[in-house]
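In order, the protein sequences belong to chains A and B. Take 1 as the starting number for the first sequence in our numbering and just add one per residue. Take 1 as the starting number for the second sequence in our numbering and just add one per residue. Just so it is clear, CB atoms sit at the ideal spot from N, CA and C, and this is done for glycine as well.
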Amino acid sequence: MVILTTVLSVTAVSVALAFIIIVAEYFFNNYGECEIDINGGNKVLKIEGGSSLLSALAGQKIFIPSACGGKATCGLCKVQVLEGAGPLLPTEEPYLTEDERKNHYRLSCQVKVKNNIRILVPEELFNIKEFVTTIESVTQLTHDIKGFKFKLPDGETVHFKAGQYMQLYTKPYAKVKESVYRAYSIASAPSDDGIVELIIRLVPDGICTTYAHTQLSEGDQVNISGPYGDFYLRGDCKEIVMIAGGSGLAPMKSIILDVLEKNIDIKMNFFFGAVTKKDLYYLDFFHDLAKRHENLRFIPALSKPAPEDNWDGEVGLITEVVDRYIEDCSEMEGYLCGSPGMINACLSVLNKKGMSDDRIFFDKF
Amino acid sequence: MKQSPELAQIQANMMPGALSAHGFIGEDSRNLIDIIQSDLEALQQLGITQEALADKMQEITDIGAKGLGRPESMDEHFEIAVEDYKGEIPCPFKDKAKANKRQTHVRRLDTGATIRWTDLNIHMIREHGFFEGYGSPYRLAPAELVKFLGMV
């Protein structure tokens, strides 16, 4: 009897505590309806408080660029928050310069909407749209790179600058319970506005690339949004150097096709680096383009060709090959896309050849 | 050992799908605190500190990274290939640290044995004494790793 009374007492206390916690959560975490005032009253959104500014805006179809899915690792989702943001979080500090802090920039993925908030957003972000696409084709380009063509719904088009990127949204799969999104550069030409081609390299253990490589096939419906980014051709010169590795070929393909279609008078030197031949793709495509267009020079290079590759092209690290081909690039612009290691190495060689940092462009994701 | 609520929250952050497809715990049913303690004891028995081990791994990764994917040799002992991917991954210990999505593949030239680690492995060993749980794709057993690197 004593044991039963004790068990019942403990149970009653537990239930009471659980009830108190639920009630407390309701009152303390329920921020009610909040207003987001955008660009001095141009748009006023009413949302339920409690979510991040990034996801609150996405819920209202205003898409702020983000490559990491709101985990504060890419630093792309900056917006100016004039009022209502709360104190700067330690997670934001590495991404904000002194000037940006003075001008009230914040990472929108880290700002929680708890009250009315006033923000400034560049007008061009209102052009970003979300599309429910259908996969038209999936092509195995190398052992770890696939090309995906996403067909937009009939009548819909996406207007982008060659070099920009889209965000691809996953669905829950295997042990991954939540949807995530990541950024991928567009490989197709802007003129091909009913189709978006993305080139995705499988990142070992990566949530989104594993999803794309193992779950997606022709006919599947996939959500994408965009366009985003400020990696695009400036063209304030007569000649450019383009250097890519792996899936970094994607924005170069888009830029090259755009330049050729529009007959822009710029000479393009496109260096594409890999270790062995099995890492290269689109070789025939670019060799053929270069044969037909004098202003495109295509230089694929292998850093360690395998004997079976029978490779008679350039050999060496891509930086060494650039060093051999380019004498002085102080009047040129540089466009880079690849891994952080490759980009850092290329920055050094382009600087050495006279190119200033403000003439070198690359995506920071 | 009893685990603090903070570590329990971190362990939840290590589950599949939170930061990576497979997570960091694998099939290990132990608490995070027990996984860490057990591996640090194993390391201590070998007379190696987690800092010394992380330093050695970082030295190898730095040498390999110069090859931009091409295998590089080190001291006639190792062949190293560093695969670099776009993007960064945050540390699951929520310490504000982020690591490049880089993988270092190391082959011993004398035995042909191979091992691989990520930049995040190096960080988690150095700062948190965490070698990942049993069955995790990137688990590094301390004794095997130390022996592989010729530190004992």
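With a CB to CB cut of under 8 Å and the five nearest residues on each side skipped, what residues in its chain are close to residue i?
i: A:Tyr-325; result: Asn-269, Phe-271 and Ile-299
i: A:Phe-231; result: Gly-163, Gln-164, Tyr-165, Ser-185, Pro-251, Tyr-335, Cys-337, Phe-361, Phe-362 and Asp-363
i: A:Asp-265; result: Lys-238 and Asn-295
i: B:Leu-37; result: It should be noted that the sequence gives Gln, not Leu, for residue 37 of chain B. The answer, listed in chain order, is Met-1.
i: B:Arg-30; result: Ser-38 and Gly-133
i: B:Arg-139; result: Gly-26, Phe-131, Glu-132 and Gly-133
Taking the alpha carbon of residue i as the point to measure from, which residue in the options has its own alpha carbon closest?
i: B:Phe-78; options: B:Glu-59, B:Asp-28 and B:Cys-91; result: B:Glu-59
i: B:Gln-11; options: B:Glu-144, B:Asp-55 and B:His-128; result: B:His-128
i: A:Gly-69; options: A:Lys-175, A:Glu-98, A:Val-180 and A:Glu-83; result: A:Val-180
i: A:Leu-89; options: A:Glu-83, A:Leu-82, A:Ser-108 and A:Asn-103; result: A:Ser-108
i: A:Asn-351; options: A:Asp-363, A:Cys-329, A:Lys-238 and A:Ser-339; result: A:Cys-329
i: B:Gly-87; options: A:Cys-346, A:Arg-201, A:Ala-187 and A:Lys-253; result: A:Arg-201
i: B:Val-82; options: B:Pro-90, B:Asp-39, B:Asn-100 and B:Lys-94; result: B:Asn-100
i: B:Gly-23; options: A:Tyr-228, A:Tyr-232, A:Ile-207 and A:Val-81; result: A:Ile-207
i: A:Lys-112; options: A:Gly-32, A:His-293 and A:Ala-345; result: A:Gly-32
i: A:Asp-288; options: A:Pro-305, A:Lys-253 and A:Asn-30; result: A:Lys-253
i: B:Cys-91; options: B:Gln-44, B:Ile-125, B:Gln-45 and B:Leu-149; result: B:Ile-125
i: A:Asp-144; options: A:Tyr-173, A:Lys-278 and A:Leu-168; result: A:Lys-278
i: B:Lys-98; options: A:Thr-91, A:Phe-150, A:Asn-103 and A:Arg-101; result: A:Thr-91
i: A:Ser-137; options: A:Lys-46, A:Glu-261, A:Ile-343 and A:Val-196; result: A:Val-196
i: A:Asp-99; options: A:Gln-80, A:Gly-235, A:Arg-182 and A:Val-241; result: A:Gln-80
i: A:Cys-77; options: A:Arg-182, A:Asp-312, A:Gly-84 and A:Glu-178; result: A:Arg-182
i: A:Asn-263; options: A:Gly-155, A:Leu-249 and A:Arg-292; result: A:Arg-292
i: A:Glu-320; options: A:Leu-57, A:Cys-346, A:Pro-340 and A:Ala-306; result: A:Cys-346
i: A:Val-315; options: A:Asp-284, A:Phe-286, A:Val-275 and A:Met-332; result: A:Val-275
i: B:Gly-135; options: B:Leu-7, B:Ala-21, B:Gln-9 and B:Gly-26; result: B:Gly-26
i: A:Ser-356; options: A:Asn-127, A:Val-241, A:Leu-53 and A:Leu-283; result: A:Val-241
i: A:Ser-52; options: A:Glu-124, A:Gly-84 and A:Glu-123; result: A:Gly-84
i: A:Leu-216; options: A:Pro-65, A:Thr-134 and A:Ala-56; result: A:Thr-134
i: A:Glu-367; options: A:Phe-286, A:Asn-30, A:Lys-171 and A:Phe-63; result: A query on residue 367 of chain A cannot be resolved here, the shown segment of chain A reaching from 1 to 365 and no further.
Using a Cβ-Cβ cut-off of 7 Å (strictly less than) and excluding sequence neighbours within five positions of residue i, which residues of its own chain qualify?
i: A:Asn-39; result: Leu-120 and Val-121
i: A:Leu-96; result: Tyr-105
i: A:Pro-94; result: none
i: B:Asp-95; result: Glu-127
i: A:Asn-103; result: Gln-80
i: B:Ser-73; result: Glu-79
i: A:Ala-67; result: Cys-74, Leu-76, Arg-182, Ala-183 and Phe-365
Are the C-beta of residue i and some C-beta of chain C separated by less than 8 Å?
i: A:Ala-345; result: This model lacks chain C altogether, as its protein chains are A and B.
So who's on the other strand from residue i, going by DSSP bridges?
i: A:Gln-80; result: A:Tyr-105 and A:Leu-120
i: A:Cys-34; result: A:Ile-47
i: A:Ser-52; result: A:Lys-112
i: A:Glu-239; result: A:Lys-267
i: A:Lys-149; result: A:Ser-137 and A:Glu-197
i: A:Lys-129; result: A:Gly-226
i: A:Val-315; result: A:Leu-302
i: A:Phe-366; result: The structure shown does not extend to residue 366 of chain A, since chain A spans only 1 to 365, so no value can be given for it.
i: A:Gly-245; result: A:Gly-273
i: A:Met-166; result: A:Tyr-184
i: A:Gln-221; result: A:Thr-134
What does a CB cutoff of less than 6 Å around residue i pick up in its chain, not counting 5 residues either side in sequence?
i: A:Gly-273; result: Gly-245, Ala-301 and Ile-318
i: A:Phe-131; result: Leu-152 and Ile-224
i: A:Tyr-281; result: Leu-141 and Thr-142
i: A:Ile-255; result: Ala-162, Gly-163 and Leu-233
i: B:Asn-13; result: Pro-92
i: B:Tyr-85; result: Lys-101
i: A:Leu-198; result: Phe-148 and Tyr-184
i: A:Val-322; result: Phe-271 and Val-349
i: A:Ile-22; result: Caution is warranted here: a pLDDT of 48 is assigned to A:Ile-22, below 50, making its placement in the model unreliable, and no coordinate value can be reported.
i: B:Arg-42; result: The displayed chain sequence assigns Ala, not Arg, to residue 42 of chain B. Result list for B:Ala-42: Pro-142 and Ala-143, in chain order.
i: A:Asp-37; result: Val-44 and Arg-118
i: B:Asp-119; result: Ala-99, Asn-100 and Arg-102
i: B:Asp-34; result: Met-1
Could you tell me which uninterrupted beta strand (DSSP E) segments, each at least 3 residues in length, are contained entirely in the region 169-214 of chain A, listed from first to last along the chain? 181-185 and 195-201
Taking a Cβ distance cut-off of 9 Å, strictly less, list which residues of the region 70-84 of chain A are near chain B, in chain order. Using a CB distance below 9 Å, the part of the region 70-84 of chain A facing chain B consists of Lys-71, Ala-72, Thr-73 and Cys-74, ordered along the chain.
Scan the region 71-140 of chain B and note each continuous alpha helix (DSSP H) run of 4 residues or more that stays entirely inside, going in chain order. 119-128
Residues of the region 95-124 of chain B whose Cβ lies closer than 7 Å to any Cβ of chain A, in chain order: Lys-96, Lys-98, Asn-100, Lys-101 and Gln-103
Contact residues within the region 203-215 of chain A, judged by C-beta distance below 7 Å to chain B: Val-203, Pro-204, Asp-205, Gly-206, Ile-207 and Thr-210
Against chain B: residues of the region 305-319 of chain A by CB proximity under 8 Å: Leu-317, Ile-318 and Thr-319
Quick one: which residues of the region 158-182 of chain A get their C-beta closer than 7 Å to a C-beta of chain B? List them in chain order. Those would be Lys-175, Val-176, Lys-177 and Glu-178, in chain order.
At 3 residues or longer, what runs of the beta strand (DSSP E) sit wholly inside the region 268-313 of chain A? 296-302
Taking beta-carbon pairs under 7 Å, can you tell me which members of the region 16-28 of chain B lie near chain A? Listed by position, the residues of the region 16-28 of chain B near chain A (Cβ gap below 7 Å) are Pro-16, Gly-17, Ser-20, Ala-21 and His-22.
Uninterrupted beta strand (DSSP E) stretches inside the region 39-74 of chain B (no shorter than 3 residues): 72-74
Residues of the region 41-67 of chain B in Cβ contact with chain A at a cutoff of 9 Å, in chain order, please. Ala-65, Lys-66 and Gly-67
Pull out every residue of the region 223-250 of chain A whose Cβ sits closer than 9 Å to any Cβ of chain B, in chain order. If the cut-off is 9 Å between Cβ atoms, the region 223-250 of chain A has Gly-245, Gly-246, Ser-247 and Gly-248 near chain B.
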